Amino acid sequence: MARPFLFAVCMALAVQAHAVSLGSKHAIVVDEDSGAILLEKHATDIVPIASLTKLMTAMVVLDASPDMQEQIVITDDDVDILKHSSSRVPVGASFPRATLLELALMSSDNRAAHALARTYPGGMDAFLVAVRTKAAELSMRRTNIEEPTGLSPHNTSTALDLAKLALAASRYPEISRITTVANDTIDVNGQATQYRNTNHLVADHNWNILLSKTGFTREAGRCIVMRIQTAGRNAIMVLLNARETVNRTADAMRVHRMLGGESEPVAAQAAVKRRGKSAKSQRKTA
Numbered sequence: 000m001a002r003p004f005l006f007a008v009c010m011a012l013a014v015q016a017h018a019v020s021l022g023s024k025h026a027i028v029v030d031e032d033s034g035a036i037l038l039e040k041h042a043t044d045i046v047p048i049a050s051l052t053k054l055m056t057a058m059v060v061l062d063a064s065p066d067m068q069e070q071i072v073i074t075d076d077d078v079d080i081l082k083h084s085s086s087r088v089p090v091g092a093s094f095p096r097a098t099l100l101e102l103a104l105m106s107s108d109n110r111a112a113h114a115l116a117r118t119y120p121g122g123m124d125a126f127l128v129a130v131r132t133k134a135a136e137l138s139m140r141r142t143n144i145e146e147p148t149g150l151s152p153h154n155t156s157t158a159l160d161l162a163k164l165a166l167a168a169s170r171y172p173e174i175s176r177i178t179t180v181a182n183d184t185i186d187v188n189g190q191a192t193q194y195r196n197t198n199h200l201v202a203d204h205n206w207n208i209l210l211s212k213t214g215f216t217r218e219a220g221r222c223i224v225m226r227i228q229t230a231g232r233n234a235i236m237v238l239l240n241a242r243e244t245v246n247r248t249a250d251a252m253r254v255h256r257m258l259g260g261e262s263e264p265v266a267a268q269a270a271v272k273r274r275g276k277s278a279k280s281q282r283k284t285a
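Going by numbering that gives the first Met the number 0, the residue at position 96 of the sequence shown is 95; the numbering climbs one at a time, nothing skipped.
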């Protein structure tokens, strides 16, 4: 089923037009089975992608087949000195590599993602070579990734390339599972700590989300990629550079309804606003 999709998205954009107004500045929605592009908005513009980068980080790490139970200590090298984003992963704490993968994908933790790349076989340089190789394999010709977290504004791509990334990431059972878990309790220095998915929609019973990743930096705005199943079909949704989380979620709901799904916009938007207030207080980059 993936072959028609990859063929279609590599061709010129032949769009089945839908009258859906989006606040996100860049977007694409693709029917996975047929490869038909159902909606497109500036899908070939090259823009920062923030933590959507972490899907590539996860794939490259898993491709190396490392020991996922190996304990990795978070060091000062993993601390964000570019954006000074917050983290609930303390320096000195030790985690199995599998737990760091979960923290990087589900709660979008930057220290966890950096530690995964830092401990890649051959180190960070080898990790970045593997990233470039992976991007080439996926025909992500307009993508540039210079570090593993997405904090750098030089990590750039297009909505079209990110649709390819989402499809490829969905072939990894661990990535699909982790990115669709609503929350988990993880041991941090002997203390049970709860972490939540940065995409609250994974807990919404109106949605069947098969893969998810959010992103946010000042340069990238609010971003999300999802693979969803609705109305008997699978679709890839990419939304980039929405102004606020509530706008990104409203766009996702519009697309969901366009595809034939149901949603509860009032309740969901209220939940987003509550989370938005909490996010502002924490100033976390996701």
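From the three backbone atoms N, C-alpha and C, an ideal C-beta is built for every residue, glycine too. If you're wondering where the values come from, they're calculated on a predicted model, not measured in any experiment.
- Straight across, the Cα-Cα distance linking residue 195 with residue 248 is about 17 Å.
- Distance from the Cα of residue 163 is smallest, within the candidate group 234, 214 and 112, for 234.
- Inside the stretch 124 to 173, DSSP marks whole alpha helix (DSSP H) runs of 4 or more residues at positions 158 to 168, from first to last along the chain.
- Its chain contains 241, 246 and 250 as the residues whose beta carbon lies nearer than 6 Å to that of residue 22, once the 5 sequence neighbours on both sides are disregarded; these appear in chain order.
- Around the CB of residue 153, fewer than 16 other CB atoms lie within 10 Å, so the residue is classed as exposed.
- Nearest to residue 220 by alpha-carbon distance, out of 259, 131 and 238, is 238.
- Within the same chain, and ignoring the five residues on either side of residue 175 in sequence, the residues whose Cβ sits closer than 7 Å to its Cβ are 169, 209 and 210.
- Residue pairing from DSSP places residue 214 in a beta bridge opposite 222.
- For residue 258, the CB contacts under 7 Å within the same chain, skipping 5 residues up- and downstream, are 229, 230 and 234 in chain order.
- Closest option to residue 67, judged by alpha-carbon separation, among 76, 160 and 57: 57.
- Segment contact: the stretch 183 to 202 against the stretch 29 to 38, fewer than three CB-CB distances shorter than 8 Å; contact not assigned.
- The residue from 62, 197 and 135 with its alpha-carbon nearest to that of residue 223 is 197.
- In this structure, residue 47 lies away from residue 187, with their beta-carbon atoms at least 8 Å apart.
- Here the C-alpha atom of residue 144 lies approximately 9 Å from the C-alpha atom of residue 134.
- Judged by DSSP in its simplified three-state form, residue 82 adopts coil rather than helix or strand.
- In this structure, residue 147 lies near residue 52, with their beta-carbon atoms less than 8 Å apart.
- DSSP places residue 186 in the uninterrupted beta strand (DSSP E) bounded by 182 to 187.
- Rounded to whole angstroms, residue 115 and residue 225 show a C-alpha spacing of 23 Å.
- In the DSSP assignment, residue 39 falls outside any alpha helix (DSSP H) and lies within the beta strand (DSSP E) extending over 36 to 40.
- Put simply, of 97, 128, 71 and 45 the residue whose alpha carbon is nearest the alpha carbon of residue 177 is 97.
- Cβ atoms of residue 79 and residue 127 stay farther apart than 8 Å, at about 18 Å.
- Under DSSP, residue 233 shares a beta bridge with 228.
- Contact check for residue 103 against residue 214 fails: the beta carbons are separated by 8 Å or more.
- Boundaries of the beta strand (DSSP E) around residue 191: 190 to 195.
- Counting along the chain, residue 26 sits inside no alpha helix (DSSP H); it lies in the beta strand (DSSP E) bounded by residues 25 to 30.
- A residue is called buried when at least 16 other Cβ atoms come within 10 angstroms of its Cβ; residue 45 does not meet this threshold and is exposed.
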